[in-house]
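Engineer: There's a structure below that I have some questions on.
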Amino acid sequence: MIALLRGRIAWLEDDALVVEVQGVGYRVYCPTRLLARLEPGQAVELRIDSVTREDGTFLYGFADAAELAWFRRLRQVQGVGARLALSLLSVLDPERLHTAIAARDSASLTRAAGVGPRLARRILAELEPQIAQLPRGVAPAAPGTPASSAGGVVEDALSALVHLGYDRSEAWRAIAAARQRLGRDEPPLEELVREALRELAP
Numbered sequence: 001m002i003a004l005l006r007g008r009i010a011w012l013e014d015d016a017l018v019v020e021v022q023g024v025g026y027r028v029y030c031p032t033r034l035l036a037r038l039e040p041g042q043a044v045e046l047r048i049d050s051v052t053r054e055d056g057t058f059l060y061g062f063a064d065a066a067e068l069a070w071f072r073r074l075r076q077v078q079g080v081g082a083r084l085a086l087s088l089l090s091v092l093d094p095e096r097l098h099t100a101i102a103a104r105d106s107a108s109l110t111r112a113a114g115v116g117p118r119l120a121r122r123i124l125a126e127l128e129p130q131i132a133q134l135p136r137g138v139a140p141a142a143p144g145t146p147a148s149s150a151g152g153v154v155e156d157a158l159s160a161l162v163h164l165g166y167d168r169s170e171a172w173r174a175i176a177a178a179r180q181r182l183g184r185d186e187p188p189l190e191e192l193v194r195e196a197l198r199e200l201a202p
């Protein structure tokens with residue numbers, strides 16, 4: 001089974017690229033976020049997952065191990081096939097996916113083509129209990145992330161920021177940064193909200 005392809009891009013398609021490796025062209029489906037950064041003739045190295053269906057074997061390519069891990073984990077959710085997993089990774093990188101799951105932000109998931117509210121809720125329900133094992137991507141995890149205190153002062157602060165018009169993922173990241181700056185997992189609610197708002201200020 002192919003695990004890695006290293007070669008030059010022969011051409012790009014809407015949802016895939018053809019990479020030439022020693023005279024052989026492989027069509028590889030990739031997140032559109034990745035395709036947007038590439039050009040024909042460019043050297044490329046892709047981590048590959050092969051998916052076999054009744055109509056053939058398809059290659060899916062990713063820039064790093066975190067994207068590949070998310071692709072495989074998303075496909076384990078009932079109702080999420082390879083195309084939907086790729087759609088999610090096209091609009092959310094691993095760090096933002098991790099944040100969306102931790103923050104229970106179904107709205108961010110529904111930005112992906114083919115993911116409706118019901119499927120988004122199923123993804124959250126299945127992946128939230130495993131959040132500590134899911135890769136975050138290149139951004140470092142903040143010490144004492146909000147997940148450790150969900151339901152307490154963090155949940156109250158999150159609710160307050162959402163009511164002020166911020167989306168859950170944006171508010172979640174601000175709260176994580178505020179707690180890190182304050183150096184406490186459970187600061188007073190007003191202080192936490194105030195610091196989070198400073199983080200969100202333009």
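Under my numbering, think of the first position of the sequence shown as 1, with each following residue one higher.
The beta-carbon is built from N, C-alpha and C at its ideal position, and this holds for glycine as well.
Given the structure is predicted, the values throughout are model-derived calculations rather than measurements.
1. Do L5 and V19 have their C-beta atoms within less than 8 Å of each other?
2. Roughly how many angstroms separate the alpha carbons of E191 and V28, rounded to a whole number?
3. Going by DSSP, name the residue or residues bridged to V21.
4. Among A65, A102, A171, R53, whose alpha-carbon lies nearest the alpha-carbon of R212?
5. How many Å lie between G79 and F62 at the Cα?
6. Leaving out five residues before and five after T57 in sequence, what residues of the same chain have Cβ atoms less than 8 Å from its Cβ?
7. Given a threshold of 16 other Cβ atoms within 10 Å of its Cβ, counted over all protein chains shown, does D105 qualify as buried or as exposed?
8. Mind checking whether A157 and L182 have CB atoms under 8 Å apart?
9. In the structure shown, what three-state DSSP assignment does A43 receive?
10. Within the present structure, is the beta-carbon of A176 separated from the nearest heavy atom of the ligand FAD by less than 7 Å?
11. Once DSSP output is grouped into helix, strand and coil, what is the label at L5?
12. Output the distance between the C-alpha atoms of H98 and L34, rounded to the nearest integer angstrom.
13. Which residue spans inside the stretch 158–186 form an unbroken alpha helix (DSSP H) run of at least 4?
14. Which residues share a DSSP beta bridge with T52?
15. In chain order, what residues of the same chain have a beta carbon less than 8 Å from the beta carbon of A196, not counting five sequence neighbours either side?
Structural biologist: Let me spell this out:
1. yes
2. 49 Å
3. V24
4. Given a span of 1 to 202 for the chain in the structure shown, any question on residue 212 remains unanswerable.
5. 22 Å
6. S50, V51
7. buried
8. no
9. strand
10. The model depicted lacks the ligand FAD and carries no ligand whatsoever.
11. strand
12. 18 Å
13. 168–182
14. T57
15. A157, L161, A171, A174, I175, A177, A178
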